[in-house]
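Chains as they are written, first to last, in the UniProt record's numbering: chain A, 1 to 500; chain B, 1 to 263. By construction, the Cβ of each residue, glycine as well, lies at the ideal position given by its N, Cα and C atoms. Quick caveat, the model's predicted, so the values are computed rather than measured. Down below is the structure, laid out as structure tokens.
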Amino acid sequence: MADVEMKPVDDKKEDEKPTESEKKPVPLTPVAEIKANVALIERAVSTLEPRFTHRVLRSLAQLRKKLDDKVLQDAVQEVYSTDSASKRALQSWLPTVTMDHSMDIDAATIPSRQVPTEPVPEVEIYFYLLILHHLLASPTNHSKATKLAHETVEKIQALNRRSMDPIAAKVWYAVERTYELGGELADARPLFLAGQRTAALRHDDETEASLINRILRSYLHYSLYDQADKLVSKTTFPPAAGNPQHARYHYYLGRIKAVQLNYTAAHTNLQQAIRRAPPAKTAPGFYQAVHKLSIVVELLMGDIPERSLFRHPVLEKALTGYFEIVKAVRNGSLSQFQTTLSRYAAQFEADKTYTLIVRLRQNVIKTGIRRLSLSYSRISLRDICVKLHLDSEEDAEYIVGKAIRDGVIEGRIVHEKGWMECGGQKSGYGPEVSDVFSRRVAYCLELHNQSVKAMRYPLNAHRKELAAAEGAREREKELAKEIQEGGDLDEDGPDLGDGF
Amino acid sequence: MAPPQVVQLYKEIQKVFVSGNLQQTGVLLTKLKIGLTEAGLLVPFGNPDPQDLVLARDILEVGAFWSIRTKDIPSFDRYFSQLQAFYNDYSSILPPSPREYPLRGLNLIRLLTQNRIADFHTTLESLPLPADSLTANPYIAHPINLEQWLMEGSYSKVWNAREEAPTEEYKFFVDSLMGTIRNEIASCEEAAYDSLPLKDAATLLFFKSQNELLTFAQQRGWQVDLTAGYISFAKKTEEKVEIPKEKLISANLQYARELEQIV
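Shown next as structure tokens:
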């Protein structure tokens, strides 16, 4: 395993070295990086290993920031040596940069680097992706970007190559971004839906996963939870999709479920999203968003999130409002809850968690009653009313009655005397324990099976093992033979020895 | 442009509806719906004239209000889902309707009375208003408050709010809402009290006369002791906790199989 993993890195270095020496001594210029990536993509296509393409795409986020017209021009110049149709097409999207001082270097390098054949179409699409990202960086190019996005998508669909899928998925992201920057996200939906259907038919898992997420995002952006829910129930998310896509999908599912009051399912989905998300430092935005929602859902389920969560360096600042809410719920104080809610209303509204937090009101009351029932064996309704800031004793009676029926507390109301008597707590050891146990075991087994599935085996590695096994069998045979002849050998032994 | 007879009927229905003649409105609505379908406006497609769309929307709105006045909830449901296309998809080209939010609020209350809380929240979430200004809209604030009180158990507040409905139509839902509340309270009482004086039970359940209470008690199967004036609630006997044998066995077999695969 180890050596296979290492190889591409070595390759990359080899690729970089000549370019570095040809160009300036700056380590890894953007152009060089693009060229290295192109080499990787070609390798991925020739060995049918999508891993290399993924490696290329992982660097996209950093590379995106370094792009400018000249870098792209140079890269196109260097990769496409022969004057072909695709080269001209690519160049038509780039403004003709004044090729001042770099011109002579280019002229010098092109002949030295002989690229005898035309690069694979994946490389072309990769360039389109880069150009698209570059165009998106400046708002003036918006109309151009939209046109390019459409053309690229058409080209991808016409080419229909499986080795292109990972890049295509990224292109779709760029398409979404184009529409979003233009403020017309809703208009992109028919395009996405059509693309999703095609991708599903072609078993193009990467693109399908990416597109399902695009559509869900667009629905949730416009708060169309009904449609989103229908989409989820009508499609199956490809299990082969990458972790980031999975994380996003689970996050959207969590949101839909939370709105539908299905908190347990929402919690499971959000947990998955957190586990599958990239590390907190690389994608702080997503990490924070998931945690915000997950805290609210946890509160709605009646749990209190862990304290350590709010000390996490990435989350600490983003979660201040939520921390206050958690404190209010924990204390069961309605007035504290209301003031916190109004103070952070704008933030919650921006996070789209406001309506969920408003639902917490009843949980605050429930926690309050539970605390009272734990500390008093008998308490008058009037006192409950005062302690929980309720409006009237009448309300208190109904609320306590409901709490008893819902199983929040054990106890009963004595109406004539106007008090509540609290019963003892349940022992907490029943058949539900085995349920919890089996749930945890199921989780562990699932984890094990998933990790077995996730293991990768290098191609042809079993040959070596086969050879080894062959050898072992041979040895075994010899051994068996020896043992068979063992009796004679032992007897012969001294004779032989004598002979020597 | 909409056919002239549709426009004619439209003017007529507005007059009839304002005068409160429900039967006549119903007849006209049927005619108008046929007219709209022929003009391709009932379920609009393509790029129809905004003015025609406003006309179609008004007719559907009348239909929605009419269904509530005639207490035909399924019909309201149909009208409202047709209206949603106008409210959501054509919102950019149509002038906002003054009846939009009353109808949206009514729809929310309908979901509430049918105890479809999940749908209630989904609909609430998809309203085109920022979440923290929802309570500023009287038509929407009413169902929101009702839901909150119902959930936390402040039933007396719900009872008191029935007179504060923002429009007449909201009151049509009050009766069914009260039925829901009574059943809720009754189930709470069964769990929370051993026994309850008749008089107090009547106040708790918002009954005005003892007879109403007695029939209700009969429905729920409560034991009423008229001489002492008490209702006693049949104690639910603690059901014996059975060990779920089959479930445990199948779980253990499952573990054994999985372990076999691992080792």
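CB contact check: residue i to chain A, cutoff 8 Å
i	result
M151(B)	yes
A251(B)	yes
T227(B)	no
Y193(B)	yes
P244(B)	yes
I109(B)	no
E125(B)	yes
P96(B)	no
P130(B)	yes
Q210(B)	no
D82(B)	Here residue 82(B) is Gln; the residue named in the question, Asp, does not match the sequence. Taking Cβ atoms only, chain A never reaches closer than 8 Å to Q82(B), which makes this a no.
E164(B)	no
K199(B)	no
Y139(B)	no
Nearest-angstrom beta carbon gap, residue j and residue i [assumed within contact, 8 Å]
i	j	result
V38(A)	D74(A)	Actually they do not touch by this definition, with Cβ atoms about 13 Å apart.
Y252(A)	L220(A)	6 Å
F233(B)	D194(B)	7 Å
I144(B)	L129(B)	That pair is no contact at about 11 Å.
G254(A)	A266(A)	5 Å
L103(B)	E61(B)	7 Å
L72(A)	I131(A)	6 Å
Member of the options whose CA lies at the smallest distance from the CA of residue i
i	options	result
Y376(A)	L360(A), N363(A), C422(A)	C422(A)
P431(A)	L150(B), Q254(B), K31(B), L248(B)	L248(B)
L261(A)	R182(B), R257(B), F120(B)	F120(B)
K402(A)	W149(B), F172(B), E212(B), F216(B)	W149(B)
T30(B)	S19(B), N183(B), I59(B)	I59(B)
I167(A)	F127(A), A186(A), E151(A)	F127(A)
F76(B)	A64(B), Q84(B), A85(B)	A64(B)
N107(B)	L124(B), G153(B), I93(B)	L124(B)
E184(B)	L94(B), M151(B), A202(B), F207(B)	M151(B)
K155(A)	E122(A), K257(A), D229(A)	E122(A)
R343(A)	T235(A), G332(A), I357(A)	I357(A)
T355(A)	C385(A), V296(A), Y179(A), I131(A)	V296(A)
G411(A)	E190(B), D225(B), Y79(B), E100(B)	E190(B)
S308(A)	G302(A), E316(A), G471(A)	E316(A)
A318(A)	L181(A), P305(A), D351(A)	D351(A)
R311(A)	T264(A), P238(A), H291(A)	H291(A)
F80(B)	S92(B), A56(B), I93(B)	A56(B)
L127(B)	Y101(B), Q114(B), P138(B), R116(B)	Y101(B)
R177(A)	A149(A), L360(A), V314(A)	A149(A)
Q362(A)	L381(A), Y398(A), E393(A)	Y398(A)
Below-8 Å beta-carbon distance, residue i vs any chain B residue
i	result
I34(A)	no
S434(A)	yes
V441(A)	yes
L445(A)	yes
Y251(A)	no
L159(A)	no
I483(A)	no
T282(A)	no
R405(A)	yes
Q338(A)	no
D15(A)	Interpretation of D15(A) is limited by its pLDDT of 39, a score under 50 that renders its predicted location unreliable; no figure is taken from the coordinates.
Host alpha helix (DSSP H) of residue i (start-end)
i	result
Q157(A)	142-159
A74(A)	Per the sequence shown, residue 74(A) should be read as Asp rather than Ala. Run containing D74(A): 69-79, per the alpha helix (DSSP H) assignment.
R104(B)	100-113
R440(A)	431-454
I369(A)	361-375
Burial state of residue i, where buried means 16 or more other Cβ atoms lie within 10 Å
i	result
residue 276(B)	The question about residue 276(B) has no answer here: the residues shown for chain B are numbered 1 through 263.
S210(A)	buried
E482(A)	exposed
Q77(A)	buried
A256(B)	exposed
A468(A)	exposed
T122(B)	buried
G321(A)	buried
residue 264(B)	Because residue 264(B) is not part of the residues shown, which for chain B are 1 to 263, the question remains open.
First and last residue of the uninterrupted beta strand (DSSP E) at residue i
i	result
E421(A)	419-422
D406(A)	Here D406(A) belongs to no beta strand (DSSP E), and DSSP marks it neither H nor E.
Y230(B)	230-232
Q223(B)	223-225
S195(B)	195-197
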